[in-house]
Ligand code: SF4
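Residue numbers (the working numbering): 29 to 374.
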């Protein structure tokens, strides 16, 4: 028993019956697959669907994506986080327009040269949209295959992933099965049946008769995951500047976390109310009144922001601070989720 053609055939037969409907599955063009795969990195399917539909309606092809103004692009992405993803997508779309006739290229070599496209995304585009025999190994596939194989190897290890990609590439290149269906079926089984948290639903699994972990009672021990490196904590103080019914936002630096996006001014460390007022005065404002807001936290991939926050009613101006209405904050300015912790204010 283990991952072999028989197990893959069982999965391929199971997939059409059990797969979830998703808008990118209705028309799996290379562009649609690419956009959906980038959105799905770090983000759940349910969350992605409305973003995907809005994005594709506004930017239906690489040409439209390449030409989209930055602020409009960021607004389409607002709330999905990891904004470098969409920046890279726009850079990649520009290359597609310049060098590939406005199309998503169909070779691993050309795809891997594009900004933001690694082997996983390239594999997804090539197999799902172009039906090429290329493996796609995500967390779901790592879990399913290591259970099928009864493997105690650490699925967070790069060498394990590489070996699994090699095994799958070999099975796909035998040419009996459609790579698009195989890859999607493996991922779907991991999302719906061989689930990450809680007991896998082996009773309804199409490959239970060929699964080492199930047959040997090892589903609680497999997959083996080495401990993650703990995230770092950063202490910040957020200054929510309000002038009349306008709120002050600043464009963040061009490099680093949330680069180039709008946010509220922040100071490193935990400031007292008096110190926060002093920070606003240092920007050139007169502080009329201040109020301590709820502390909040925002979790990034490798970092946690622990935020103290103050609402500061101010007068005056500062060239770096742009004052906008609550409607602009809602409709036009892409304000990252880290700064949307106090919705009662807007
Ligand atoms: S039988 Fe159970 S453990 Fe094995 S692949 Fe299916 S759901 Fe996962």
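Quick reminder that beta carbons are idealized off the backbone N, C-alpha and C, glycines included.
C-alpha gap between residue i and residue j, whole angstroms
i, j, result
"residue 147", "residue 305", "49 Å"
"residue 165", "residue 374", "42 Å"
"residue 198", "residue 39", "17 Å"
"residue 173", "residue 317", "60 Å"
"residue 235", "residue 31", "9 Å"
"residue 125", "residue 90", "7 Å"
"residue 322", "residue 307", "19 Å"
"residue 95", "residue 145", "19 Å"
"residue 115", "residue 240", "43 Å"
"residue 365", "residue 106", "8 Å"
"residue 122", "residue 93", "8 Å"
"residue 154", "residue 108", "25 Å"
"residue 142", "residue 319", "47 Å"
"residue 206", "residue 159", "7 Å"
"residue 378", "residue 230", "Within the shown structure, residues of the chain are numbered from 29 to 374, placing residue 378 beyond reach of any answer."
"residue 42", "residue 213", "8 Å"
"residue 119", "residue 247", "43 Å"
"residue 349", "residue 324", "23 Å"
"residue 134", "residue 69", "21 Å"
"residue 345", "residue 167", "49 Å"
"residue 232", "residue 127", "47 Å"
"residue 97", "residue 360", "12 Å"
"residue 303", "residue 347", "21 Å"
"residue 224", "residue 260", "25 Å"
"residue 228", "residue 177", "15 Å"
"residue 99", "residue 329", "24 Å"
Beta bridge counterpart(s) of residue i as assigned by DSSP
i, result
"residue 261", "332"
"residue 340", "269 and 318"
"residue 290", "279"
"residue 159", "None; residue 159 has no bridge partner."
"residue 327", "332"
"residue 352", "275"
"residue 28", "Limits of the chain in this structure are 29 at one end and 374 at the other, which puts residue 28 out of reach."
Nearest-angstrom beta carbon gap, residue j and residue i [assumed within contact, 8 Å]
i, j, result
"residue 79", "residue 132", "Contact doesn't hold; Cβ gap of about 19 Å is too wide."
"residue 9", "residue 140", "Coverage of the chain is limited to positions 29 through 374, which leaves residue 9 absent and any answer about it impossible."
"residue 293", "residue 264", "With 8 Å as the limit, residue 293 and residue 264 do not qualify as a contact, their Cβ atoms being about 10 Å apart."
"residue 266", "residue 337", "4 Å"
"residue 288", "residue 279", "7 Å"
"residue 183", "residue 253", "6 Å"
Residue i and residue j closer than 8 Å at C-beta
i, j, result
"residue 175", "residue 281", "no"
"residue 331", "residue 219", "no"
"residue 270", "residue 340", "yes"
"residue 255", "residue 201", "no"
"residue 275", "residue 352", "yes"
"residue 189", "residue 170", "yes"
"residue 50", "residue 66", "no"
"residue 356", "residue 313", "no"
"residue 10", "residue 104", "Past the boundaries of the shown model lies residue 10; the chain is included only from 29 to 374, so the question cannot be answered."
"residue 367", "residue 291", "yes"
"residue 84", "residue 63", "yes"
"residue 221", "residue 156", "no"
"residue 34", "residue 238", "yes"
"residue 204", "residue 163", "no"
"residue 113", "residue 216", "no"
"residue 111", "residue 299", "no"
"residue 277", "residue 370", "no"
Complete runs of the alpha helix (DSSP H) confined to the region 130 to 199 [at least 4 residues] | 136 to 140, 147 to 152 and 167 to 177
Secondary structure, alpha helix (DSSP H): runs of 4+ residues fully inside the region 214 to 261 | 240 to 243
At 4 residues or longer, and completely inside the region 91 to 119: list those alpha helix (DSSP H) runs for me, N to C.
-> Those alpha helix (DSSP H) runs which fall completely within the region 91 to 119 and span 4+ residues are 98 to 105.
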